[in-house]
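Enquirer: Chains A and B, in that order, give the protein sequences. Residue numbering for the first sequence follows this note's numbering, starting at 3 and increasing by one per position. Residue numbering for the second sequence follows this note's numbering, starting at 3 and increasing by one per position. Where is the CB? At the ideal position from N, CA and C, for every residue including glycine. Given the structure is predicted, the values throughout are model-derived calculations rather than measurements.
There are 2 protein chains.
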Amino acid sequence: MPKHIQSLERAAAMLRLLAGGERRLGLSDIASALGLAKATAHGILRTLQHEGFVEQDPDSGRYQLGAELLRLGTTYLDVHELRARALVWTDDLARSSGEAVYLGVLHQQGVLIVHHVFRPDDSRQVLEVGAMQPLHSTSLGKVLSAYDPVAHSELVEVKREPFTARTVTELEDVERVVDETRSQSYATDYEETWDGVASVAAPVFDRHRLAVGAVGITGAVERVCRDGELRAELVAAVRDCARSVSRDLGSGPF
Amino acid sequence: MPKHIQSLERAAAMLRLLAGGERRLGLSDIASALGLAKATAHGILRTLQHEGFVEQDPDSGRYQLGAELLRLGTTYLDVHELRARALVWTDDLARSSGEAVYLGVLHQQGVLIVHHVFRPDDSRQVLEVGAMQPLHSTSLGKVLSAYDPVAHSELVEVKREPFTARTVTELEDVERVVDETRSQSYATDYEETWDGVASVAAPVFDRHRLAVGAVGITGAVERVCRDGELRAELVAAVRDCARSVSRDLGSGPF
DNA sequence: GATAGCGTTTAGCATTGTCGAACGCGGATG
DNA sequence: CATCCGCGTTCGACAATGCTAAACGCTATC
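(1) Within the chosen definition, does the region 156–175 of chain B reach the region 42–51 of chain B through at least 3 CB pairs nearer than 8 Å?
(2) Could you check the C-alpha separation between Ala204/B and Ile219/B for me, to the nearest Å?
(3) I'd like the list of long-range same chain contacts for Gln127/B, defined as Cβ closer than 6 Å, with 5 residues on each side in sequence excluded.
(4) Once DSSP output is grouped into helix, strand and coil, what is the label at Val158/A?
(5) Helix, strand or coil for Thr42/A? Go by DSSP, reduced to three states.
(6) With DSSP as the reference, label Ser248/B as helix, strand or coil.
(7) For Val116/B and chain A, any beta-carbon pair shorter than 9 Å?
(8) Which stretch, first to last residue, makes up the beta strand (DSSP E) that contains Glu57/A?
(9) With 16 as the cutoff for other CB atoms within 10 Å, does Gln8/A come out buried or exposed?
(10) With which residues is Met134/B paired in a DSSP beta bridge?
(11) Among Asp181/B, Asp175/B, Glu159/B, Pro164/B, which residue has its Cα nearest to the Cα of Tyr149/B?
(12) Under the assumption that Thr195/B contacts Ala189/B (Cβ atoms under 8 Å), give the Cβ distance between them as a whole number of angstroms.
(13) Does the beta-carbon distance from Leu89/A to Gly75/B come in below 9 Å?
(14) Could you have a look at Ser201/B and say whether DSSP puts it in helix, strand or coil?
(15) Within the continuous beta strand (DSSP E) that includes Val170/B, where are the two ends?
(16) How far does the beta strand (DSSP E) with Tyr78/A in it extend, from its first residue to its last?
(17) Using CA coordinates, which residue listed in Gly45/A, Arg25/A, Thr77/A is at the minimum distance from Ser62/A?
(18) Are the beta-carbon atoms belonging to Ala15/A and Leu10/B less than 9 Å from one another?
(19) Whole angstroms are fine: how far does the CA of Gly45/B sit from the CA of Arg245/A?
(20) For Ala69/A and Gly54/A, I'd like the C-alpha separation in whole angstroms.
(21) For the ligand GDP, is there a heavy atom less than 8 Å away from the beta-carbon of Ser246/B?
(22) Along the chain, where does the alpha helix (DSSP H) containing Leu108/B start, and where does it finish?
(23) Going by DSSP in three states, Gln66/A sits in which element: helix, strand or coil?
(24) Would Phe207/A and Ser147/A be called neighbours here (beta carbons separated by less than 9 Å)?
(25) Which residues, in chain order, does the region 81–115 of chain A contribute to contact with chain B at a C-beta distance below 8 Å?
(26) Whose C-beta lies closer than 6 Å to the C-beta of Arg162/A among residues of the same chain, with five residues either side of it excluded?
(27) State the Cα-Cα distance for the pair Leu129/B and Arg209/A, rounded to the nearest angstrom.
(28) I'd like to know if Ile32/A contacts chain B, where contact means its C-beta is closer than 9 Å to some C-beta of that chain.
(29) Is there a Cβ from chain A that is less than 9 Å from the Cβ of Val131/B?
(30) Given a threshold of 16 other Cβ atoms within 10 Å of its Cβ, counted over all protein chains shown, does Glu57/B qualify as buried or as exposed?
(31) Who are the neighbours of Ile7/B on chain A, taking C-beta pairs under 7 Å?
(32) Quick one: using the 10 Å Cβ neighbour count with 16 as the cut-off for buried, is Asp59/A buried or exposed?
(33) If we ignore side chains and look at the alpha-carbon of each, how far apart do Leu17/B and Ala133/A end up?
(34) So for Val2/B, helix, strand or coil by DSSP?
(35) Are the beta-carbon atoms belonging to Val152/B and Gln135/B less than 9 Å from one another?
(36) Please report how far the alpha carbon of Ala43/A lies from the alpha carbon of Leu36/B, in whole angstroms.
See below:
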């Protein structure tokens, strides 16, 4: 008795392959990338297409992801309890801090952004809901790594890429950062992921006191930092927000 | 030789079932809803869970949609050519019209919103990307039904629900509306979907002159209408925007 | 107008997913 | 506190199911 259904695993691999490759992929590319016979890949793709999970460009015959994924992905957000509880608090945080607010959960080997409140000014910003952030260099990732054992093991196993000159990648150093995060119960990212950008984040707990996510703000170092440190009032605001959401989720007093 | 892979179809049906039911569903609910043995449903769900497409609540054992769907759905948007080309033009349209802008494509039996620019004021608005709109009562839907044969057949077949007192549901009347849309090359929705809300939309064509989507604005009747009609300057702005996007997609001059 | 590559279809085989029944567990119930 | 029902899960056998390899038609290229 197989542990997992083969055709489903292959279909999932195809979707992930299509999501990874920047461009549309041909059937032969897909088949060879996954080590499948062309006909096998075709059968799976035909079904995925019929269900709306992939689309085929009529001109080139190449495949790309389908619209049904967008619909279902949005529905995922609608049902997401953490996100629903956080909506009002993150709005407040964005207003009081004047910076963009992110809410993230652990997903695979990174942080999946499930909510994003724009910085409250009239600049053009792109919504990052659905995007992933690394565990080792962002404040959201550090917080999750510190409080979620699964996230921590992912952090250890994953290849930690250096994004800037300040990125901490060595396991020993990363562990020290995580310990520090645990002791102060929040994390920062001072130009460790993007040059000129800093962030703070704090953990959100559910009714079992398990870390189910992290909230934080991200902004230009000139605004959110002073003397090379995150401004204390911003740290306090983020931690307040995280506590409020945790309380809404049924987590007891700290 | 089966036309589609059974296990994949069943998995897709499960995802759609989970997306439909407002709350988490138990294994027995899912199995009986799809007419499957519990063990069969369990095997599929186990695989879907392992791939991140569904998640299981540890407390209740119930299932809900998984985070991987959000990630893939967002990736779909990143690759979407129509959306990419439309970004700048829809921004302009929102600014010049002062109203919320929507970009939609045909998906299944409705319009899937793939881009949404907030009305440029400081009011609180929720992003509707990934949401569906009906074909028969919205301006986006009417435009698609008028220019996309597939959309038109869906319009004919689907159950046309009356949302307000003004909603047109009879096939004969709907066909007349679609003909009118074709002749004036844009469509309106005057309180046919939501009370107090009106919209205008125009078609976007690709390099083959096929209608691949529709852009439009939506707003309170008090703002976007005058004397019971959509304001002419707004209609012109929407049609200009649609033409600009079409040109960017390689569609020739009109 | 031959060739090479593409996506697609075909047919047969055995792998693979399905089924019905039984298991262990937790929360209702008396 | 014992009982029972319902849940999610596991088991093992069967045959239907989806896989493989080869051949097909097509378009684009040289």
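Expert: This is what the structure holds:
(1) no
(2) 10 Å
(3) Phe120
(4) helix
(5) helix
(6) helix
(7) yes
(8) 56–58
(9) exposed
(10) Leu114/B
(11) Asp181/B
(12) Contact flag wrong, Cβ pair sits at about 12 Å.
(13) no
(14) strand
(15) Careful: Val170/B lies outside any beta strand (DSSP E) and carries neither H nor E.
(16) First-last for Tyr78/A: 69–81, but that is the alpha helix (DSSP H), not the beta strand (DSSP E).
(17) Arg25/A
(18) no
(19) 39 Å
(20) 6 Å
(21) The ligand GDP is not part of this structure, which contains no ligands at all.
(22) Unbroken run through Leu108/B is the beta strand (DSSP E), 102–109; no alpha helix (DSSP H).
(23) strand
(24) no
(25) Val81, Asp93, Val107, His109, Gln110, Leu114
(26) His138, Thr171
(27) 29 Å
(28) no
(29) yes
(30) buried
(31) Ser9, Gly45, Ile46, Thr49
(32) exposed
(33) 21 Å
(34) Coverage of chain B is limited to positions 3 through 256, which leaves residue 2/B absent and any answer about it impossible.
(35) no
(36) 26 Å
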